[in-house]
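> Questions regarding the structure given below will be posed in turn.
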Amino acid sequence: MFPRPVYRVTTAGISSRSSPRKARNSVLIAATSAPWTAPLTESQHILTLYFLVIAGLALFAGFVRTWTTRSEVGSRFRPALVARLCVTAVASLSYVLLIVGFTLAYDHTGSTWVPNAGAIMTMAPRFMDWSVTVPLLTVELLAVCTLFGAGVRKAQFLAMAGSFLMIFTGFLGTFVFGADGDASQLYLWGAISSVFWIFVNVVLIRAVRKSLPVLTPESAGLLRDATILLLCGWVIYPLVYIIPIFAFGGGWTTTIQVTLCVADVLVKIGFGGLIHRVAKLRTAEDVRAGDDVHSEAIWISSVKQSDAGQPREIYLAEGAAVHPNRWRPPTSSAYASAIAAEDDSSTPIDSDENLGERRSH
Amino acid sequence: MFPRPVYRVTTAGISSRSSPRKARNSVLIAATSAPWTAPLTESQHILTLYFLVIAGLALFAGFVRTWTTRSEVGSRFRPALVARLCVTAVASLSYVLLIVGFTLAYDHTGSTWVPNAGAIMTMAPRFMDWSVTVPLLTVELLAVCTLFGAGVRKAQFLAMAGSFLMIFTGFLGTFVFGADGDASQLYLWGAISSVFWIFVNVVLIRAVRKSLPVLTPESAGLLRDATILLLCGWVIYPLVYIIPIFAFGGGWTTTIQVTLCVADVLVKIGFGGLIHRVAKLRTAEDVRAGDDVHSEAIWISSVKQSDAGQPREIYLAEGAAVHPNRWRPPTSSAYASAIAAEDDSSTPIDSDENLGERRSH
Amino acid sequence: MFPRPVYRVTTAGISSRSSPRKARNSVLIAATSAPWTAPLTESQHILTLYFLVIAGLALFAGFVRTWTTRSEVGSRFRPALVARLCVTAVASLSYVLLIVGFTLAYDHTGSTWVPNAGAIMTMAPRFMDWSVTVPLLTVELLAVCTLFGAGVRKAQFLAMAGSFLMIFTGFLGTFVFGADGDASQLYLWGAISSVFWIFVNVVLIRAVRKSLPVLTPESAGLLRDATILLLCGWVIYPLVYIIPIFAFGGGWTTTIQVTLCVADVLVKIGFGGLIHRVAKLRTAEDVRAGDDVHSEAIWISSVKQSDAGQPREIYLAEGAAVHPNRWRPPTSSAYASAIAAEDDSSTPIDSDENLGERRSH
Amino acid sequence: MFPRPVYRVTTAGISSRSSPRKARNSVLIAATSAPWTAPLTESQHILTLYFLVIAGLALFAGFVRTWTTRSEVGSRFRPALVARLCVTAVASLSYVLLIVGFTLAYDHTGSTWVPNAGAIMTMAPRFMDWSVTVPLLTVELLAVCTLFGAGVRKAQFLAMAGSFLMIFTGFLGTFVFGADGDASQLYLWGAISSVFWIFVNVVLIRAVRKSLPVLTPESAGLLRDATILLLCGWVIYPLVYIIPIFAFGGGWTTTIQVTLCVADVLVKIGFGGLIHRVAKLRTAEDVRAGDDVHSEAIWISSVKQSDAGQPREIYLAEGAAVHPNRWRPPTSSAYASAIAAEDDSSTPIDSDENLGERRSH
Amino acid sequence: MFPRPVYRVTTAGISSRSSPRKARNSVLIAATSAPWTAPLTESQHILTLYFLVIAGLALFAGFVRTWTTRSEVGSRFRPALVARLCVTAVASLSYVLLIVGFTLAYDHTGSTWVPNAGAIMTMAPRFMDWSVTVPLLTVELLAVCTLFGAGVRKAQFLAMAGSFLMIFTGFLGTFVFGADGDASQLYLWGAISSVFWIFVNVVLIRAVRKSLPVLTPESAGLLRDATILLLCGWVIYPLVYIIPIFAFGGGWTTTIQVTLCVADVLVKIGFGGLIHRVAKLRTAEDVRAGDDVHSEAIWISSVKQSDAGQPREIYLAEGAAVHPNRWRPPTSSAYASAIAAEDDSSTPIDSDENLGERRSH
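What follows is the structure in structure tokens.
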């Protein structure tokens, strides 16, 4: 039942949106007003702006962290890294849109901030953000499970499609079909969204349940924590969006904005941090088991998990040095050692005998 | 038959563009109106904006993904990587132009959004984007085929030139010669564009057909899928652009925008993802065959395809240490081990005897 | 007692903020006026702008420095690096907000600059910045202490939560609850903030005290210096914020801004530089003790601390080459050495006997 | 004879620039009007914008390509890479200026676009771009010739100074001294510019001629092609700039803009691509000759030119491990292996005997 | 005696700044007018803009160059690299401010450009830039001298503090205390600034003089050239700033701007290039002497200075593999080689005996 807000942007609300709306239209039970049409006090305005900016800065810091630590994860678990990087990058950009939208959406009149026609942009960018980042969060989780090959590709496809449709149907209900205050439409799309929400939960929980017994106890514990954090975080969103049904006003609008900022940081930074630790731990386990090498030592909280290693020296296939050792025209003084180089060109560097000779002396 | 739209921006349409246009001028069969001159409802406006933004964010995420995974592809297939990186970068920038253009193009009047003089910029940036990205998409496909040397350069040149001319002639018909509603011009340029479209298809299909029997079954299967996705994706565009011939209105304009957003994401992200997998698979095959080394293990969907390797240690040509081992003036206490270093400077590190001695003890 | 400013933005102050305010409302002892409501002279305006811009540029230069030297620190101490990178990145962005805010906040009237309604944005971005960067500064310090495992994670959680609440309660007192000039609220929130300030100090000092006897004398000395610089730097902020209680005017506003700029640079760049040296030194000690390898030599002020090393060549687990050495279809002339490669494919590169043979000749 | 345009911005032209200028002032033979003062039709406006944007996107894609392929060129030829990177970066930025300038420079009046006072910025950014990029193009060419040491530094200095003066004198003639329509000034500066143009040609051709016999036939062929493309591309510019002498109007202005866009892409992307191939080929030749090692295999169009190699393991000078193996205070449980590490610290890892022992067993 | 300009912004000048000022107030000998209050002709305006933009582009190209060549300098001389990177980054940003400031600072009235209230921003950003970059330039020079340890840290502190105070006192005199035309203040601050100027010169020259006899002749020659270029470049600035004392007008303002652009490019790009060569040469000397290894060959102007090398393989301390070789739960089919991996896990990869066995066969 993720996003099931049922606003009613009455035509009056639209035409008279430039003046503060204090009386709540409550003829129909399901008739609600969009939270962004409520005027804010000075305190509410600065508090909302504060949380929008620090959430944006935190997500940006999360992006910088992910980028800087990208070498800590083996190439096997890189899809989790890529998803996390995209999540933080996209969310940072969305918060730029939100902050600009919030700054432009309110007019300062006396000691209140009155929303203008652009106030919809204090909420809509959130849905645009989620449409891209929620599917990526499912990828992030699945990438550190033990599914592999076609299995993981199928699970990713189902989870991405399901979570996109979950957000998209919520968006349709809120901004497209439910915008005329028709409560039945809102309930319909809310219900459809909920179906997808349950579906995605099932896909993810099944994948995690399959993985837990196969992983080491440490990895399994972290994976379980990460899953719980993600799925519980997702419960916040519908809870927040029920608010407009029974409450309206600047205080509630501020509550919604602040809660969503906190939830975004928890889910995107907190969950991402746990997944990063799972990926590091599993990389270290692969190194210790000899399944892979990693070019730097893996440390978690100052405890070394695996040593740095370098791969074995590879001897190319016999004829892999495609190019015949071609004669080289005199290059005069272009490089100081030209004469020596010419001499050497007669003993191709690729002949194994030659090398063996040098070594076995 | 790629872009053959036949709009007629009647002079009336231009002079009275600032007021909502509801009646469709249908005196001539071929006379059409540009889709960007139709007013939008609230729902259509927010829905179009939603798709523009999420397509832009998805393309940006595609750019981040390509950049982060660039080490997974061997240097042989790097041209595919470069093309994909440029495609996603250029498309992301174009969507910024589109979103800014869309935001500025409509004036909010009551409950409708009326297009103003800048509305052409809700469509024109798409052609600018395609003029650069469509030729790069052909490069991306050809770079993982088995053509090589002058052959691949010729195929790339033909495909790039053909696909640029396909877009450019479509642009000429739509915005330059066909802008005065002259249907014959529109049909003419549409036909020319179609010729280039067929030509590019032929070039690409021939290259792929030559490659399939030479590749391993897995690579060949993926390459076939990628080709089908690309060429089918390209069919969407002319289908969408036929719409203005027989329909006009906000609903159709929204349909066009949404479909093009979806098609762009499918072709640029979906196709790019498949090509990335082909390139990884072929890199792994080269490693397994001993044709190349790769510094990290290649994993696809948690299945290891090849081990990490490091190249053989290279002994430079005899005299390659160009610089004579020069005497070094006393550097006093600049480095703590100055005295030791001086001692050592008499035994040049490059003399093979010296090294052999240390080793063979 | 970190930020305990007690402003009183009188309702008169709010309603008449657009005209220069010269008379100070001093009926109540605790009644204060926000420093951003004072008009500035030409000199004060250019001097403040000068310090805002050079502090912003210095923080940006600090970001560039951190980014460029990121390879100098071992993976064990990377959390310190990440924190420093995020601190400088977030602070740079905040100074962009501050500079834009400052430029827009004053109107040029005759030879004075009169603050307008947006003048709050010359101070509020500082609290947004600190809410993210102060917790990260505690991470930076803890990451080079000798705590490890769950211990370091607990200390980081406590220090981050405590320092965030320290800033957040200061923000609540200044901008939300204390904005109506109610002195009791201001003292209340100032006191709560102070409690968190003391708590964070205790957490950090305990961690450092535990580390000092375990570290080498050099590392311990630098760590002690860094801790003193950080904690003394944090004392400046409340000192500065006491100013509004007993003084108001353009001169004092300029003093506040300049002092905060200098303090930000000292704490974020100066402290960060010391931590970087500790991290380098401890990395070098790990290399010398054989606990880790580092791919480049570590030099501090032109004195070499440890040699470059490369990790041991790793032999993968027996069966780690997952892929059976598959037969490869003829690839014709795609690669020049195709025939040779085929021949070689029968002798798998992973068989140890084969390798041993080549070597032991 | 590179840029010798002879415009005459008549004082009338300046004062009445805000109204469309249709009549051409042709009293004096040499009196010309600046092309940016001509009004454009709808078609001309959108066509020019199209070419400006796609040229900008193509140059940006060229920058992305250069950046992504920077590891393909050996450190010897890196100056060519750096020059190419700077050329594409600077040109991309200039096209941003040009596009913004073009968007602001014309007012939409009926169905024509009338240039306003800012129209000079549709042309001036080109000269600013060229002042930086043309000298860099000469560096790019010289860096893959066979000059070395002081010789190449002298040639670079002469070519950079000459080409900067070529552009600068052209700029002086066009925008500074010739702006008052004084034809004699225009011819004078055009002639001076031509002298520098010939001088730069001589410097470059001499360097290339010296290189050709020394290079391998393949490299020499590519270098010859690149030189021809560059020098022929440079001929386009003066040809285009002769236009204003005998023609004026929107059509000609569009022709000038489109041709310059095409020429910029040809010279900066086409020439750069050829130089990249020369640099790769010469790097591969150095590897094959044993003059250098390169960490990845070099492939050109799917043909392998040289194998990946890694440098010989270096033994540092005897006493190079500056730091005496210092005693390390007990580090308790900071690292799990503390006890083992202490034991080991008595056997310094740098002593050769120790190592020899381990090896020679 | 670096910046000693003595402007007098008369109160009349400030109040009537919006109209062109032609008469120069010359009652007092020392009374001067700020150069940014002079109106410019068309030619002067475009010429100044031209130099601002190309200087900005050149500094940006310098940033790109420094970034791309950062691997050419050993970690010992990285502080020089970091300083150069910060200098070019900060200067590029400042020129963006300058160009924006210049564009907004003049109103187009007839054929002259009249400065408005924002004209101070055509000069002030230069002082902000210098406050950060001049101290960094001293770091750049000291980093390639032979000072080390506490010595270099002390010299850096003195030179940075001195050069910051040199700029800051100049700024105080020009924009803060001397802005009211009080000549005695101007001379006072000019004299203080000169004292710091001399102090910094002494610090730098002493460090260079100490280094010259210790360096190789080549390095010493380059270091001497770089020092001369820097210190002579610094002489230009006070010379330019004397101009306002005896001259006023658009021509002189243009002269000042152009000269400062040229000086900035010379000092920041020219000096930086020489320092880069010194750092490369000294890195190569360290490699040849066996004091360090460098992963790529160092070439200067196509002459090889040192070979690529890789560090010795490091054997970790006995117990350095912290983690006990833990038992691993069955991972089923998650990785294809699971069974083999389990078998192997009983023979820990870290045991030296095991390895020795494999080797000594």
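Protein chains in written order, with my numbering: chain A, 246 to 606; chain B, 246 to 606; chain C, 246 to 606; chain D, 246 to 606; chain E, 246 to 606.
Backbone N, C-alpha and C fix where the C-beta goes; we use that ideal spot for every residue, glycine too.
For clarity, every value in this text was computed on a predicted model and none was experimentally measured.
From the DSSP output, which residues share a beta bridge with residue 558(B)?
According to DSSP, which records beta bridges pairwise, residue 558(B) is partnered with 555(D).
> Taking the straight line between their C-alpha atoms, what separation do you get for residue 460(D) and residue 398(D)?
Approximately 20 angstroms between the Cα atoms of the pair.
> Pick helix, strand or coil for residue 370(B), following the three-state DSSP scheme.
Residue 370(B) falls in the helix class under three-state DSSP.
> Is the shortest distance between the beta-carbon of residue 451(B) and the beta-carbons of chain D less than 8 angstroms?
No, residue 451(B) does not count as interfacial toward chain D.
> Distance check for residue 539(E) and residue 345(E), CA to CA, integer angstroms please.
So the two alpha carbons sit approximately 43 angstroms from each other.
> Just how far apart, CA to CA, sit residue 243(B) and residue 316(A)?
Because chain B in this structure spans residues 246 to 606, residue 243(B) falls outside the shown range and cannot be described.
> Of all Cβ atoms in chain C, is any one closer than 8 angstroms to the Cβ of residue 315(A)?
No, no contact with chain C.
> Any chance you could list the beta strand (DSSP E) runs of at least 3 consecutive residues sitting entirely within the region 485–512 of chain C, in chain order?
Whole beta strand (DSSP E) segments, 3+ residues: zero.
> Do you know whose CA, among 356(D), 371(D), 347(D), lies nearest residue 362(D)'s CA?
Nearest of 356(D), 371(D), 347(D) to residue 362(D), Cα basis: 347(D).
> Taking contact to mean at least 3 C-beta pairs separated by less than 8 angstroms, is the region 296–309 of chain C in contact with the region 326–334 of chain E?
Yes, they touch.
> Using the Cα positions of residue 297(C) and residue 496(C), report the straight-line distance between them to the nearest angstrom.
Roughly 16 angstroms separates the two Cα atoms.
> Quick test of your reading: residue 384(B) and residue 405(B), contact by CB under 8 angstroms. State the CB separation rounded to the nearest angstrom.
Yes, residue 384(B) and residue 405(B) are in contact; Cβ-Cβ is about 7 angstroms, under 8 angstroms.
> Taking residue 320(C) as the reference, give the member of 551(C), 550(C), 527(C) with the closest Cα.
Residue 320(C) has its Cα closest to that of 527(C), out of 551(C), 550(C), 527(C).
> Assuming residue 391(A) and residue 284(A) make a contact with CB atoms under 8 angstroms, what is their CB distance in whole Å?
So it is not a contact: roughly 52 angstroms between Cβ atoms.
> Go ahead and label residue 458(B) buried or exposed: buried means 16 or more other beta carbons lie within 10 angstroms of its beta carbon, across all protein chains shown.
So residue 458(B) counts as exposed.
> Kindly list the residues whose CB is nearer than 6 angstroms to the CB of residue 582(C), restricted to its own chain and excluding five residues on each side of it in sequence; keep chain order.
Reliability fails at residue 582(C), whose pLDDT of 33 lies under 50, so the model's placement of it is uncertain and the value that follows must be treated cautiously. Excluding residues within five positions, none has a Cβ falling inside 6 angstroms.
> Using 8 angstroms for Cβ pairs, my map puts residue 293(B) next to residue 502(B). What's the rounded Cβ distance?
Residue 293(B) to residue 502(B), Cβ: 5 angstroms. Contact.
> Contact criterion: CB-CB distance below 8 angstroms. Does residue 360(A) meet it with respect to chain B?
Chain B, which has no Cβ nearer than 8 angstroms to the Cβ of residue 360(A), makes this no.
> Could you give the C-beta distance for residue 442(D) and residue 360(D), rounded to a whole number, given that I count them as a contact under 8 angstroms?
Their Cβ separation, rounded to whole angstroms, is 30 angstroms, which puts residue 442(D) and residue 360(D) out of contact at 8 angstroms.
> Closer than 7 angstroms, Cβ to any Cβ of chain B: which residues of the region 508–540 of chain A, in chain order?
Against chain B - using a Cβ distance shorter than 7 angstroms - the residues of the region 508–540 of chain A are 537, 538.
> Our contact map puts residue 418(A) next to residue 439(A) with C-beta atoms below 8 angstroms; I'd like the distance itself, whole angstroms only.
No, residue 418(A) and residue 439(A) are not in contact; Cβ-Cβ is about 11 angstroms, not under 8 angstroms.
> Say whether chain C places a C-beta atom closer than 8 angstroms to the C-beta of residue 558(E).
True, the Cβ-Cβ gap to chain C drops below 8 angstroms.
> By DSSP, does residue 383(B) sit in helix, in strand, or in coil?
DSSP places residue 383(B) in helix when its eight states are reduced to three.
> With DSSP as the reference, label residue 286(E) as helix, strand or coil.
Strand at residue 286(E).
> Counting only the same chain and skipping the five closest in sequence on each side, list residues whose C-beta sits under 6 angstroms from that of residue 537(A).
Counting only Cβ-Cβ distances below 6 angstroms, and skipping sequence neighbours, we find 319, 531.
> Any beta carbon of chain A sitting closer than 8 angstroms to that of residue 547(B)?
For residue 547(B), the answer is yes, since a Cβ of chain A falls inside 8 angstroms of its Cβ.
> Just checking: is the beta-carbon of residue 338(D) within a distance shorter than 8 angstroms of some beta-carbon in chain E?
Judged by the 8 angstroms Cβ criterion, residue 338(D) is in contact with chain E.
> Span of the beta strand (DSSP E) holding residue 357(B)?
Residue 357(B) -> beta strand (DSSP E) spans 357–360.
> Does the pairing of the region 471–483 of chain A with the region 511–519 of chain A give three or more beta-carbon distances under 8 angstroms?
As far as the Cβ criterion goes, the region 471–483 of chain A touches the region 511–519 of chain A, which means the pair count is three or higher.
> Is residue 345(E) close to chain D, meaning its C-beta is less than 8 angstroms from at least one C-beta of that chain?
Output row for residue 345(E): interface = no.
> Return the chain-ordered list of same chain residues with a C-beta closer than 8 angstroms to the C-beta of residue 387(D), the five sequence neighbours on each side being excluded.
For residue 387(D), where only same-chain residues beyond five positions count, the Cβ hits under 8 angstroms are 397, 400, 401, 404, 449, 452.
> With 8 angstroms as the limit, tell me which residues of the region 463–481 of chain B have their beta carbon closer than that to any beta carbon of chain D; keep them in chain order.
Per Cβ criterion, the list is empty.
> Can you tell which of 349(D), 377(D), 558(D) has its C-alpha closest to the C-alpha of residue 552(E)?
The shortest Cα separation from residue 552(E) among 349(D), 377(D), 558(D) belongs to 558(D).
> Looking at chain B, is there any beta carbon in it that lies within less than 8 angstroms of the beta carbon of residue 552(D)?
Chain B, which has a Cβ nearer than 8 angstroms to the Cβ of residue 552(D), makes this yes.
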